[in-house]
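S.K.:
There are 6 protein chains.
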Amino acid sequence: MAEFTHFNEQGRAKMVDVSDKPETVRTAIAQSSILLNDEIFESIAANTMKKGDVLAVAQVAGIMASKSTSTIIPMCHPIPLSGVNISFQWEKEKRGHRLVITVTAKTKGSTGVEMEALTAASVTALTVYDMCKAVDKGMVIGPTYLVEKTGGVSSPDYKRQINQKE
Amino acid sequence: MAEFTHFNEQGRAKMVDVSDKPETVRTAIAQSSILLNDEIFESIAANTMKKGDVLAVAQVAGIMASKSTSTIIPMCHPIPLSGVNISFQWEKEKRGHRLVITVTAKTKGSTGVEMEALTAASVTALTVYDMCKAVDKGMVIGPTYLVEKTGGVSSPDYKRQINQKE
Amino acid sequence: MAEFTHFNEQGRAKMVDVSDKPETVRTAIAQSSILLNDEIFESIAANTMKKGDVLAVAQVAGIMASKSTSTIIPMCHPIPLSGVNISFQWEKEKRGHRLVITVTAKTKGSTGVEMEALTAASVTALTVYDMCKAVDKGMVIGPTYLVEKTGGVSSPDYKRQINQKE
Amino acid sequence: MAEFTHFNEQGRAKMVDVSDKPETVRTAIAQSSILLNDEIFESIAANTMKKGDVLAVAQVAGIMASKSTSTIIPMCHPIPLSGVNISFQWEKEKRGHRLVITVTAKTKGSTGVEMEALTAASVTALTVYDMCKAVDKGMVIGPTYLVEKTGGVSSPDYKRQINQKE
Amino acid sequence: MAEFTHFNEQGRAKMVDVSDKPETVRTAIAQSSILLNDEIFESIAANTMKKGDVLAVAQVAGIMASKSTSTIIPMCHPIPLSGVNISFQWEKEKRGHRLVITVTAKTKGSTGVEMEALTAASVTALTVYDMCKAVDKGMVIGPTYLVEKTGGVSSPDYKRQINQKE
Amino acid sequence: MAEFTHFNEQGRAKMVDVSDKPETVRTAIAQSSILLNDEIFESIAANTMKKGDVLAVAQVAGIMASKSTSTIIPMCHPIPLSGVNISFQWEKEKRGHRLVITVTAKTKGSTGVEMEALTAASVTALTVYDMCKAVDKGMVIGPTYLVEKTGGVSSPDYKRQINQKE
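Residue numbers (the numbering used here), protein chains in the order written: chain A, 3 to 168; chain B, 3 to 168; chain C, 3 to 168; chain D, 3 to 168; chain E, 3 to 168; chain F, 3 to 168.
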């Protein structure tokens, strides 16, 4: 049975020892999203032609957050991130437009990069919220989840089932 | 009409000048959540009696993240956070248990603390994910949103409508 | 006579006590620049229409650096930055194009914001270098200097003389 | 009776709300020390005449750590440190020389600066250890304690009794 | 003779070049402690049953500090920490109870992890101080020292002699 | 033709994937400088005998900045810096003395260390400015440029031409 690995012999949290694990190329893909009203959607979309900075700023924030993940998430190992890519898609919904944020993270190391991808996706969405909150404070972030993971040694590859979004 | 305030005269992002705004006591409440399967729920819940560290670690992570918000979110002002409180509730759902995370943040300053509350809530949820991902990678974080905001000068107080959750 | 203020009674560096100084609104303007060859200039300039991200990324980096100034510069006081604005101008030169970076920083506090403006200008230029170095490693950053400063209590306002650039 | 203030209504840690506390000038003095063997003492002491960098590096480290205290100590409030001064004294002991590190920290704010002074003193000592550990790993750091504290509102000034050192 | 290695040809501090050293598995064990009065001891001990968060918070702080060691200690190399474990023991003393903090750090890299273990131990103790200082400001931290070190290439393993504590 | 590599398929910035690149020993040398008036020059130079801390503080700042480069420069990879050395030279000029700052950085990794060297050089100069600005605000930083680079896999070694300084 899978087990909680973050506990020491006193039942307290620890940063798990990974020095025995081989270095492999590992990837993770995570998604988050933010639901925006039409006014905000139109401003951002128009901006991509005129002045458009919201997505550029959000994406820089996400990439920088991926590199700070081990200082944000307490039991996360520091890893040498070898690449991060963030892309955006728009989906029309009943109550506005959803900006879907997809993050791919890659490393060559002894632990996975799920947390880097998930943290980047969350921070990207939070930054969009920050830059648009003067217009509407009702934006909703998420759901945020892992889409795919490869390259682990002790655990198998993971792929989220379709329609498993919520 | 409300406007995007984060752009300068070249259409680029800037950190908005707030030096004219008076210092007032400001509060914000944000919520996030994470949906866990029953195995994880039982381990965490049992832990609250035996050894239970997941929520303690997550909450420390959330509080520390609230203090780092202005270094994580690019256009966010550094503010002197005067208090942060994170509490947890469990909700039973069809496909597991939802851990609801509520963050209250407070400052006496020239800008609001929405981003500090939202960032803390997100990082608390991400930390729970990190500590439980050896058991299940299918956990879903969010939705994450602002519940309430008081004390602003240029913008009115905000209160999320009930049932507006998703 | 003006004096070095950063030394204690043992002749060692200290962070000067400013608790007696009143809080005033203070501004500083700093400039840096980076000299780019024509190939890079054209790519960046074209990008401002098509995809153009170099300046957006550089500017986010500069703003974030201004907020981290007191953790980068050892004897610098932490201050509540109230606003930062970065703008760009191009100047044609004999050996390429110069990207001039102008940073305006503002605070309401007990110490000046010169270092925040200078640090932001430097990091903005360094980021442009980073994003273009695959094309040419011969780019030159600077000169970097203070253009103007207002709002101090113990020292008068400062304004750089024209043609004093180098 | 004095009480633990760092717990919320769920018995979990929180960052205490200080938004009601007035801003006063507050000071704290902390001491740490490190016991060095004679070989190291002589090298450092000689350096103070010739090239001497160990104490200079340690002191910069201490000052920078004082500014990062709220990101290192989880429940510590971010405060606008207004001044930090670190001084050194040597004491001859039976088994070597003790470098005594005294840190004075000052702020004008709503919470005390004890943690800033204690953190700076500890990091100064750790840095001396780091720079001398190639010569001897048996150096001992501490005891580390608060010497004095003034300016609080809810708690009285504090002064450590003489001979209370250990 | 062992030598100070942290100086360059100008007698100034440098970060020593370790690119020639092979990567080996390295461990370090460090200890610190904090002497608490009986009131605080009882509250913390009771807390382990009721609400007890002091040690959990302190331990998260220690683990996070171990990951930030190279940004806190100036000449310390960034290393890929592969595991950190912190445990607590209580010792009854004449003037109260001593909380003994033992940190084990591990890496697979080109430099040792002594500083990571020592920094984690110090920050763990500082966090206990912070959370209990409302009750008593007279707590004393340390002595703090290296207990054991293995895996180095140029320097032999180290083991502290018993009764060498102070 | 060399290409901008920092863009993804949406024309947005990304952190380039380097997981396929072999680990090699890489070095970079960068220079910056700061032009000081005679009063400041004499104080700093005299200090090297009496109390002189300006260069020591600046150099610590530079070394620490080299380790933070990937958190300051958005698209920069985190790398395990294996060594950093900063040295100083004085050059007499018509309008004062120029302090030339030379940084050598080294790593064993998959990407170069140009940005680490350039960032360290810039921050060293900024710190000198900070410590001397009470005497004169007219100091000029830079030009700042790459002098040399070795060890890359996809790009050849680089060496700046003499007299190419500006």
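Each residue gets a CB set at the ideal place from its N, CA and C atoms; glycine is no exception.
(1) Which ranges would you report for the beta strand (DSSP E) in the stretch 7 to 66 of chain A if only whole runs of at least 3 residues count?
(2) Roughly how many whole angstroms lie between the Cα atoms of I31 of chain A and T104 of chain A?
(3) Pop quiz: A122 of chain E and I65 of chain E are said to be a contact at Cβ under 8 angstroms. What is the actual Cβ separation, rounded to whole angstroms?
(4) Pull out every residue of the stretch 66 to 92 of chain B whose Cβ sits closer than 8 angstroms to any Cβ of chain C, in chain order.
(5) Rounded to whole angstroms, what's the CA-CA distance from V130 of chain C to S72 of chain A? Just pull it up for me.
(6) Comparing alpha-carbon positions, which option in C:A60, C:F43, C:G140 lies nearest S124 of chain C?
(7) Who are the neighbours of R162 of chain D on chain B, taking C-beta pairs under 9 angstroms?
(8) When you compare the CB of C31 of chain E with every CB in chain D, is at least one pair closer than 7 angstroms?
(9) Please compile the residues from chain B whose C-beta is within a distance smaller than 8 angstroms of the C-beta of V62 of chain E.
(10) Where C134 of chain E and G98 of chain E are concerned, what is the direct C-alpha to C-alpha distance, given to the nearest angstrom?
(11) What does a CB cutoff of less than 7 angstroms around T7 of chain D pick up in its chain, not counting 5 residues either side in sequence?
(12) Closest by CA to I143 of chain A, which one among A:I81, A:K151, A:L128?
(13) Could you tell me which of B:G114, B:K139, B:L120, B:E150 sits nearest to L38 of chain B, measuring between CA atoms?
(14) In angstroms with no decimal places, state the Cα-to-Cα distance between A136 of chain B and T113 of chain A.
(15) Under three-state DSSP, which class holds T106 of chain C?
(16) Exposed or buried, what is Q33 of chain A when buried is set at 16 or more other beta-carbons lying within 10 Å of its beta-carbon?
(17) Who are the Cβ neighbours of L148 of chain B in its own chain at under 6 angstroms, not counting the five residues just before and after it?
(18) Chain C beta carbons: is any one of them nearer than 7 angstroms to that of K135 of chain D?
(19) Report the partner residues of L83 of chain E according to the DSSP bridge assignment.
(20) Please report the residue range of the alpha helix (DSSP H) in which T126 of chain B lies.
(21) Please confirm whether K23 of chain D has its beta-carbon closer than 7 angstroms to some beta-carbon of chain C.
(22) Using the Cα positions of K23 of chain D and R14 of chain A, report the straight-line distance between them to the nearest angstrom.
(23) Could you check whether the Cβ of S112 of chain E sits closer than 7 angstroms to any Cβ belonging to chain D?
(24) When you compare the CB of K52 of chain B with every CB in chain D, is at least one pair closer than 7 angstroms?
(25) Give every residue of the same chain whose Cβ lies closer than 7 angstroms to the Cβ of V155 of chain C, excluding the five residues on either side of it in the sequence, and list them in chain order.
(26) Would you mind working out which of A:A67, A:T106, A:V20 sits nearest T152 of chain A, comparing C-alpha positions?
(27) Does the beta carbon of K151 of chain B sit closer than 7 angstroms to a beta carbon anywhere in chain D?
(28) Assess contact between the stretch 81 to 90 of chain B and the stretch 82 to 92 of chain A, defined as three or more Cβ pairs (one per stretch) separated by less than 8 angstroms. Is contact present?
(29) Roughly how many angstroms lie between the CA atoms of W92 of chain E and C78 of chain D, to the nearest whole one?
(30) Comparing C-alpha positions only, which one of E:L120, E:T29, E:V56 sits nearest to D159 of chain E?
(31) Any beta carbon from chain D within less than 7 angstroms of K16 of chain C's own beta carbon?
(32) DSSP three-state label for S89 of chain C, please.
(33) Between D132 of chain E and chain H, is there a C-beta pair that is closer than 7 angstroms?
(34) Taking Cβ-Cβ distances shorter than 8 angstroms, what residues in chain B pair up with E118 of chain A?
(35) Evaluate S157 of chain B with the Cβ neighbour count: other Cβ atoms within 10 Å of its Cβ, from every protein chain shown; 16 or more gives buried, anything less gives exposed.
(36) I need the DSSP call for I75 of chain A, collapsed to helix, strand or coil.
M.R.: From the atom records:
(1) The stretch 7 to 66 of chain A contains these whole beta strand (DSSP E) runs: 26 to 38.
(2) Working through the first sequence from its first residue, we reach residue 31 of chain A at position 29. Working through the first sequence from its first residue, we reach residue 104 of chain A at position 102. In a straight line, the C-alpha of I31 of chain A is about 7 angstroms away from that of T104 of chain A.
(3) Mapped onto the fifth sequence, residue 122 of chain E falls at position 120. Mapped onto the fifth sequence, residue 65 of chain E falls at position 63. With a Cβ gap of about 7 angstroms, A122 of chain E and I65 of chain E count as contacting.
(4) Close to chain C, meaning a Cβ-Cβ distance shorter than 8 angstroms, are the following residues of the stretch 66 to 92 of chain B: S72, T73, P76, M77, H79, P80, I81, P82.
(5) In the third sequence, residue 130 of chain C corresponds to position 128, counting from 1. In the first sequence, residue 72 of chain A corresponds to position 70, counting from 1. One C-alpha to the other measures close to 27 angstroms.
(6) Working through the third sequence from its first residue, we reach residue 124 of chain C at position 122. That would be C:A60, whose Cα lies nearest to the Cα of S124 of chain C.
(7) Position 160 of the fourth sequence, counted from the start, is the residue given in the question as residue 162 of chain D. None at all; the shortest Cβ gap to chain B is about 29 angstroms.
(8) Counted from its first residue, the fifth sequence places residue 31 of chain E at position 29. Note on residue identity: the sequence assigns Ile, not Cys, to residue 31 of chain E. With 7 angstroms as the cut-off, I31 of chain E does not count as an interface residue toward chain D.
(9) Within the fifth sequence, the letter at position 60 stands for residue 62 of chain E. By Cβ distance, chain B contributes A58, V59, V62, A63.
(10) Translated into the one-based positions of the fifth sequence, residue 134 of chain E becomes position 132. Translated into the one-based positions of the fifth sequence, residue 98 of chain E becomes position 96. Annotation: C134 of chain E to G98 of chain E spans about 14 angstroms, alpha carbon to alpha carbon.
(11) On the fourth sequence, position 5 is the one that residue 7 of chain D refers to. Beyond the five residues adjoining it in sequence on each side, T7 of chain D comes within less than 7 angstroms, by CB distance, of V18 in the same chain, given in chain order.
(12) In the first sequence, the residue the question calls residue 143 of chain A occupies position 141. Answer by Cα proximity: A:L128.
(13) The count along the second sequence starts at 1 and reaches residue 38 of chain B at position 36. The shortest CA-to-CA distance from L38 of chain B to any of B:G114, B:K139, B:L120, B:E150 is the one to B:K139.
(14) Working through the second sequence from its first residue, we reach residue 136 of chain B at position 134. Working through the first sequence from its first residue, we reach residue 113 of chain A at position 111. In a straight line, the C-alpha of A136 of chain B is about 12 angstroms away from that of T113 of chain A.
(15) Locating residue 106 of chain C in the third sequence gives position 104, counting from the first residue. Reduced to three states, the DSSP call for T106 of chain C is strand.
(16) One-based indexing of the first sequence puts residue 33 of chain A at position 31. Under a 10 Å Cβ-count criterion, Q33 of chain A is classified as buried, with 16 or more other Cβ atoms of the shown protein chains found around its own Cβ.
(17) As a working mapping, residue 148 of chain B is identified with position 146 in the second sequence. Short of 6 angstroms from the beta carbon of L148 of chain B, and not among the five residues preceding or following it, lie these beta carbons of its own chain, in chain order: A32, E116.
(18) For the purposes of this step, residue 135 of chain D is identified with residue 133 of the fourth sequence, where counting begins at 1. For K135 of chain D, no CB of chain C lies under 7 angstroms from its own CB, so it is not counted at the interface with that chain.
(19) Here residue 83 of chain E refers to the residue found at position 81 when the fifth sequence is read from its first residue. DSSP lists E:T109 as the beta-bridge partner residues of L83 of chain E.
(20) The sequence position of residue 126 of chain B within the second sequence is 124, counting from 1. Boundaries of the alpha helix (DSSP H) harbouring T126 of chain B: 116 to 134, taken from the DSSP string.
(21) Here residue 23 of chain D refers to the residue found at position 21 when the fourth sequence is read from its first residue. Cβ-Cβ to chain C under 7 angstroms: no for K23 of chain D.
(22) Residue mapping note: residue 23 of chain D aligns to position 21 of the fourth sequence, counting from 1. Residue mapping note: residue 14 of chain A aligns to position 12 of the first sequence, counting from 1. Distance between the alpha carbons of K23 of chain D and R14 of chain A is about 35 angstroms.
(23) To locate residue 112 of chain E, count along the fifth sequence from 1; it is residue 110. Answer no: the Cβ-Cβ gap between S112 of chain E and chain D never drops below 7 angstroms.
(24) In the second sequence, counting from the first residue as 1, residue 52 of chain B sits at position 50. The predicted position of K52 of chain B is uncertain, since its pLDDT is 41 and thus under 50; a value taken from the coordinates is nonetheless stated next. Chain D, which has no Cβ nearer than 7 angstroms to the Cβ of K52 of chain B, makes this no.
(25) Your numbering for residue 155 of chain C matches position 153 in the third sequence. Correct list, in chain order: K23, P24, T26.
(26) Here residue 152 of chain A refers to the residue found at position 150 when the first sequence is read from its first residue. With distances taken between CA atoms, T152 of chain A lies nearest to A:T106 out of A:A67, A:T106, A:V20.
(27) Mapped onto the second sequence, residue 151 of chain B falls at position 149. No, K151 of chain B does not count as interfacial toward chain D.
(28) A contact between stretches requires three or more CB pairs, one per stretch, nearer than 8 angstroms, and the stretch 81 to 90 of chain B fails this requirement with the stretch 82 to 92 of chain A.
(29) Here residue 92 of chain E refers to the residue found at position 90 when the fifth sequence is read from its first residue. Here residue 78 of chain D refers to the residue found at position 76 when the fourth sequence is read from its first residue. C-alpha separation (whole angstroms): 25 angstroms.
(30) Position 157 of the fifth sequence, counting from 1, holds the residue named residue 159 of chain E. Of E:L120, E:T29, E:V56, the residue nearest in Cα terms is E:T29.
(31) Residue mapping note: residue 16 of chain C aligns to position 14 of the third sequence, counting from 1. By this cut-off, K16 of chain C is an interface position.
(32) The sequence position of residue 89 of chain C within the third sequence is 87, counting from 1. In the structure shown, S89 of chain C sits in a strand (DSSP, three-state: E or B).
(33) Among the protein chains in the structure shown, which are A, B, C, D, E and F, there is no chain H.
(34) Translated into positions along the first sequence, residue 118 of chain A becomes position 116. Near E118 of chain A there are no residues of chain B at all, since even the closest Cβ is about 11 angstroms away, more than 8 angstroms.
(35) By 1-based counting over the second sequence, the position of residue 157 of chain B is 155. With fewer than 16 neighbouring CB atoms inside 10 Å of its own CB, S157 of chain B falls in the exposed class.
(36) Locating residue 75 of chain A in the first sequence gives position 73, counting from the first residue. Looking at I75 of chain A - three-state DSSP - the assignment turns out to be coil, as it is neither helix nor strand.
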